[in-house]
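Peer 1: Before I ask anything, let me first share the structure, which is written out below as structure tokens.
Protein chains in written order, with the working numbering: chain V, 9 to 139; chain G, 9 to 472; chain U, 103 to 206.
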């Protein structure tokens, strides 16, 4: 087990996540605290207007579960695809200096390939909202 | 590597130039490029040309192309070229189907040349994801939709199992490079109650299940007849040959790398091979549709090919090569002939399409007989030579398996005879269409007979 | 801290259990969207296992593999959703019970 511990030294240990845990605790605690205080101290008057869903002041129209146009699906699918590609930039950003020009050329090739994909989607007319 | 570059550039060109145009011309153009790639790959395999400079971007521990990898790449590109030429379609708008076929081919080539599990996984997915789309490319036809969704669910499910297997292998061996297996010390020794071999064995079984789904071996074959029948004929020809060839090359490479672990517990692969041979052949007997018969026949062939996975050594590539060549060429030719003789493309493809062929087009009926004989493994054709090499080298270590294989081949005569019967013995409606692209069929038949008769000479060229 | 007392075997058991939940979901649910979610769960169980093993062995390969799995899973989900939209246009259902056209 000794060599395992040595290997761990240059990686992030569980302890380094403690600040994140603390921050999460503070965030959740604040919300719970303010909500419960306003619930306990404030008077409770129930009217029909108050029981309604609040949607930035506009009157509610219809159901939330109406069928969505297929165009939204298409855009959403394309967005997910191009969004996830960004994941490969994270390891590159961390090792940006040490990888030098070779790494830069590789990333350039990668970006140009998925720009080609974007160009094809565009030419194909998948991004046109109204035909 | 060179094949991947060429195919990628061709795919991008075809996609951009062919926007909103008919795909016929682009299909022939792509086919010619693929033939060129085949020639280059054969040259690379024989050492007439050297493409090492092009491979500098890809580290050797990721992907490596030696002579045998080049040969299998040449086989794949040749199969795709034939499929694109023989099933050339006129009515489609846009060339995205050809682009997708090319991308899938790149995935197959990655699966052949992999040295690292990442490349195997990416190749498998690059091969599968375009095929999910292609299987459903007849958008209006409900059976095509069903094929797409079935293939997608099965593909994603098997990928997940395959990945869990890779994770276990990674834990068991400490590496994902094929060359480094057994060299790196694994950290799993520290673990109590979970010794290294257990991790590796679980991983190997899971990875195999993932690949057995792809090659549709029983009991993981249930999706394949439905998917093959529902998808367009051209895509069925692609799926039943290219996917199977690539998966078998990858599978035998993996088993070779783990041969030290495999040797004492390969009985479960033997069991799966026996089950696949019997199930495929017996289920094929009661089918009426040409596509379903060919689907079950391809399951049976997967069973025979599993024998090769058991006996694979570094020097035995030629057995796999000859078998895949004969199987792929003859099944593509059979499907293409049925496709071209069919009058109404909406209808079910049954054996009636061959009725009266010997009267109207006797030469084509003769070629049909050659293709059927080759698939069934009857002498003087490549199918017989391939089965002979495979069975004779398996016999020493697995006599029972060879016996089952011979039994399966005997059963298979029952359903292959249906082709001959409807072409020669039944005089039916005389309105079947004319077979086009006749010279391609002649070429395929000549290759099959040449390999069958001059097997040894061909093998010498292949480099045994 | 509590994390350091965890042996690697706990991660293996956890990810195997998560994987099995996804697997049984795929086998027994009928709605295609739920099937997609179950497959996603299986892939994420594998991701967890890779990350745990990679940290345990001090080898970066496993974590890089996780990136590739995420990207491929997104591509697969995109294609799967597109296929579902196509099927929904023709049948108005996302239930897999319509999958009985092809039998023989």
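Ideal Cβ placement from N, Cα and C applies to all residues, glycine included.
Quick caveat, the model's predicted, so the values are computed rather than measured.
1) Does the structure place the region 37 to 46 of chain G close enough to the region 288 to 302 of chain G that three or more beta carbon pairs sit under 8 Å?
2) Pick helix, strand or coil for residue 9 (chain V), following the three-state DSSP scheme.
3) Around the Cβ of residue 203 (chain G), are there at least 16 other Cβ atoms within 10 angstroms (buried) or fewer (exposed)?
4) If contact means a Cβ-Cβ distance below 8 Å, which residues of the region 168 to 194 of chain U contact chain V?
5) Does any residue of chain U have a CB that is nearer than 7 Å to the CB of residue 133 (chain V)?
6) How big is the Cα-Cα spacing for residue 338 (chain G) and residue 384 (chain G)?
7) Under 8 Å: do the region 120 to 131 of chain V and the region 16 to 24 of chain G share three or more Cβ pairs, one atom per stretch?
8) Who does residue 124 (chain G) pair with in a DSSP beta bridge?
9) With a cut-off of 7 Å, does the C-beta of residue 108 (chain G) fall near any C-beta of chain V?
10) Taking beta-carbon pairs under 9 Å, can you tell me which members of the region 113 to 128 of chain U lie near chain G?
11) When every heavy atom of the ligand FMN is checked, does at least one fall within less than 6 Å of the C-beta of residue 51 (chain G)?
12) Leaving out five residues on either side along the sequence, give the residues of the same chain with a beta carbon under 6 Å from the beta carbon of residue 77 (chain G).
13) Which residue wins for smallest C-alpha separation from residue 186 (chain G), given the options G:429, G:72 and G:60?
14) Who are the Cβ neighbours of residue 207 (chain G) in its own chain at under 6 Å, not counting the five residues just before and after it?
15) Please return the same chain residues whose Cβ sits closer than 6 Å to the Cβ of residue 151 (chain G), not counting the five positions on each side in sequence.
16) My assumption, with CB atoms under 8 Å, is that residue 135 (chain G) sits in contact with residue 115 (chain G). Please give the rounded CB distance.
17) Please state whether the Cβ-Cβ distance between residue 231 (chain G) and residue 162 (chain G) is less than 7 Å.
18) At which residues does the alpha helix (DSSP H) containing residue 304 (chain G) begin and terminate?
19) So that I know if they touch, is there some Cβ in chain V lying closer than 7 Å to that of residue 161 (chain G)?
20) Can you check whether the CB of residue 192 (chain U) is closer than 7 Å to the CB of residue 153 (chain G)?
21) Given residue 16 (chain G), which residues of its chain have a CB within under 7 Å of its CB, disregarding the five upstream and five downstream residues?
22) Output the distance between the C-alpha atoms of residue 244 (chain G) and residue 371 (chain G), rounded to the nearest integer angstrom.
23) Provide the residue(s) that pair with residue 172 (chain U) in DSSP beta bridges, ordered along the chain.
24) Below 6 Å CB to CB, which residues in the same chain sit around residue 217 (chain G) once its five sequence neighbours on both sides are set aside?
25) Please tell me whether residue 141 (chain U) has its Cβ less than 7 Å away from any Cβ of chain G.
26) Determine the DSSP secondary structure at residue 205 (chain U), reduced to helix, strand or coil.
27) Please decide whether residue 202 (chain G) counts as near chain V, where near means a Cβ-Cβ distance under 7 Å.
28) Using a Cβ-Cβ cut-off of 7 Å, state whether residue 265 (chain G) counts as contacting chain U.
29) Between which two residues does the alpha helix (DSSP H) containing residue 379 (chain G) stretch?
30) Just how far apart, CA to CA, sit residue 103 (chain V) and residue 23 (chain V)?
31) Quick check on the DSSP output: the alpha helix (DSSP H) that includes residue 132 (chain V) runs from which residue to which?
32) Taking the alpha-carbon positions, what's the residue 423 (chain G) to residue 241 (chain G) distance?
33) Quick one: does residue 289 (chain G) have its CB under 7 Å from some CB of chain U?
34) Within the chosen definition, does the region 327 to 338 of chain G reach the region 405 to 419 of chain G through at least 3 CB pairs nearer than 8 Å?
35) If distances are taken between C-alpha atoms only, which option among G:125, G:319 and G:214 comes closest to residue 166 (chain G)?
36) Alpha carbon to alpha carbon, what distance is there between residue 387 (chain G) and residue 117 (chain V)?
Peer 2: Straight from the coordinates:
1) Too few Cβ pairs lie closer than 8 Å, so no.
2) Position 1 of the first chain, counting from 1, holds the residue named residue 9 (chain V). Below a pLDDT of 50, predicted positions are generally treated as unreliable, and residue 9 (chain V), at 36, falls in that range; no measurement from the model is reported.
3) As a first step, residue 203 (chain G) must be located in the second chain, where it is residue number 195. Note that residue 203 (chain G) scores 47 on pLDDT, short of 50, meaning its location in the model is unreliable; the coordinates nonetheless yield the value given after this. Around the beta carbon of residue 203 (chain G), fewer than 16 other beta carbons sit within 10 angstroms, so the residue counts as exposed.
4) Here the close residues are 169, 172, 173, 176, 177, 179, 180, 183, 184, 187 and 191.
5) Taking the first residue of the first chain as 1, we reach residue 133 (chain V) at position 125. Contact of residue 133 (chain V) with chain U is not assigned, every C-beta pair being separated by 7 Å or more.
6) Mapped onto the second chain, residue 338 (chain G) falls at position 330. Mapped onto the second chain, residue 384 (chain G) falls at position 376. Taking the Cα positions, residue 338 (chain G) is about 10 Å away from residue 384 (chain G).
7) Touching, yes, given that three or more Cβ pairs across the two stretches are closer than 8 Å.
8) Numbered from 1 along the second chain, position 116 holds the residue referred to as residue 124 (chain G). DSSP lists G:185 as partners of residue 124 (chain G).
9) In the second chain, the residue the question calls residue 108 (chain G) occupies position 100. No Cβ of chain V is located within less than 7 Å of the beta carbon of residue 108 (chain G).
10) Taking 9 Å as the Cβ-Cβ cut-off against chain G, the residues of the region 113 to 128 of chain U that qualify are 114, 117, 118, 121, 124, 125 and 128.
11) Although the ligand FMN was asked about, the structure shown includes no ligands whatsoever.
12) By one-based count along the second chain, residue 77 (chain G) stands at place 69. Result list for residue 77 (chain G): 120 and 121, in chain order.
13) As a first step, residue 186 (chain G) must be located in the second chain, where it is residue number 178. Checked all of G:429, G:72 and G:60; the closest Cα to residue 186 (chain G) is G:72.
14) Within the second chain, numbered from 1, the residue matching residue 207 (chain G) stands at position 199. If the five residues before and after residue 207 (chain G) are omitted, its C-beta is found closer than 6 Å to the C-beta atoms of 176, 179, 180 and 196, all from its own chain and listed in chain order.
15) One-based indexing of the second chain puts residue 151 (chain G) at position 143. Excluding positions up to five away in sequence, the list reads 238.
16) In the second chain, counting from the first residue as 1, residue 135 (chain G) sits at position 127. In the second chain, counting from the first residue as 1, residue 115 (chain G) sits at position 107. Contact flag correct, Cβ pair sits at about 3 Å.
17) If you number the second chain from 1, residue 231 (chain G) lands on position 223. If you number the second chain from 1, residue 162 (chain G) lands on position 154. Contact flag set, yes.
18) As a working mapping, residue 304 (chain G) is identified with position 296 in the second chain. Unbroken alpha helix (DSSP H) run through residue 304 (chain G): 298 to 319.
19) As a working mapping, residue 161 (chain G) is identified with position 153 in the second chain. No, residue 161 (chain G) does not count as interfacial toward chain V.
20) Residue 153 (chain G) sits at position 145 when you count from the first residue of the second chain. Residue 192 (chain U) sits at position 90 when you count from the first residue of the third chain. Going by C-beta atoms, residue 153 (chain G) is nearer than 7 Å to residue 192 (chain U).
21) As a working note, residue 16 (chain G) is residue 8 in the second chain. Apart from the 5 residues on each side of it in sequence, residue 16 (chain G) sits with its Cβ closer than 7 Å to the Cβ of 114 in its chain, given in chain order.
22) The residue you call residue 244 (chain G) lines up with position 236 of the second chain. The residue you call residue 371 (chain G) lines up with position 363 of the second chain. Note on geometry: alpha-carbon atoms of residue 244 (chain G) and residue 371 (chain G) lie some 26 Å from one another.
23) For the purposes of this step, residue 172 (chain U) is taken as the residue at position 70 of the third chain. In the DSSP output, where bridge partners are listed per residue, residue 172 (chain U) has none listed.
24) Counting from one through the second chain, the residue named residue 217 (chain G) turns up at place 209. Same-chain partners within the cutoff: 169.
25) Taking the first residue of the third chain as 1, we reach residue 141 (chain U) at position 39. By this cut-off, residue 141 (chain U) is an interface position.
26) Here residue 205 (chain U) is taken as the residue at index 103 of the third chain, counted from 1. Unreliable placement is indicated for residue 205 (chain U), whose pLDDT of 46 sits below 50; no coordinate value is reported for it.
27) Here the question's residue 202 (chain G) lines up with position 194 in the second chain. Annotation note: pLDDT 44 at residue 202 (chain G) (below 50); position unreliable, coordinate value reported separately. For residue 202 (chain G), the answer is no, since every Cβ of chain V falls outside 7 Å of its Cβ.
28) For the purposes of this step, residue 265 (chain G) is taken as the residue at position 257 of the second chain. No, no contact with chain U.
29) Locating residue 379 (chain G) in the second chain gives position 371, counting from the first residue. Counting along the chain, the alpha helix (DSSP H) containing residue 379 (chain G) begins and ends at 370 to 384.
30) Within the first chain, residue 103 (chain V) is the residue found at index 95, counting from 1. Within the first chain, residue 23 (chain V) is the residue found at index 15, counting from 1. Each residue's alpha carbon lies about 23 Å from the other.
31) Your numbering for residue 132 (chain V) matches position 124 in the first chain. Taken as a continuous stretch (DSSP letters only), the alpha helix (DSSP H) holding residue 132 (chain V) covers 104 to 132.
32) On the second chain, residue 423 (chain G) is found 415 positions in, with the first residue counted as 1. On the second chain, residue 241 (chain G) is found 233 positions in, with the first residue counted as 1. A direct Cα-Cα distance of roughly 20 Å separates residue 423 (chain G) from residue 241 (chain G).
33) Numbered from its first residue, the second chain carries residue 289 (chain G) at position 281. Output row for residue 289 (chain G): interface = no.
34) Because the criterion of three Cβ pairs below 8 Å is not met, the region 327 to 338 of chain G and the region 405 to 419 of chain G do not touch.
35) The residue labelled residue 166 (chain G) in the question sits at position 158 within the second chain. The residue with the shortest Cα to Cα distance from residue 166 (chain G) is G:214.
36) Here residue 117 (chain V) corresponds to residue number 109 of the first chain, with the count starting at 1. Here residue 387 (chain G) corresponds to residue number 379 of the second chain, with the count starting at 1. If you take the alpha carbons of residue 117 (chain V) and residue 387 (chain G), they lie about 52 Å apart.
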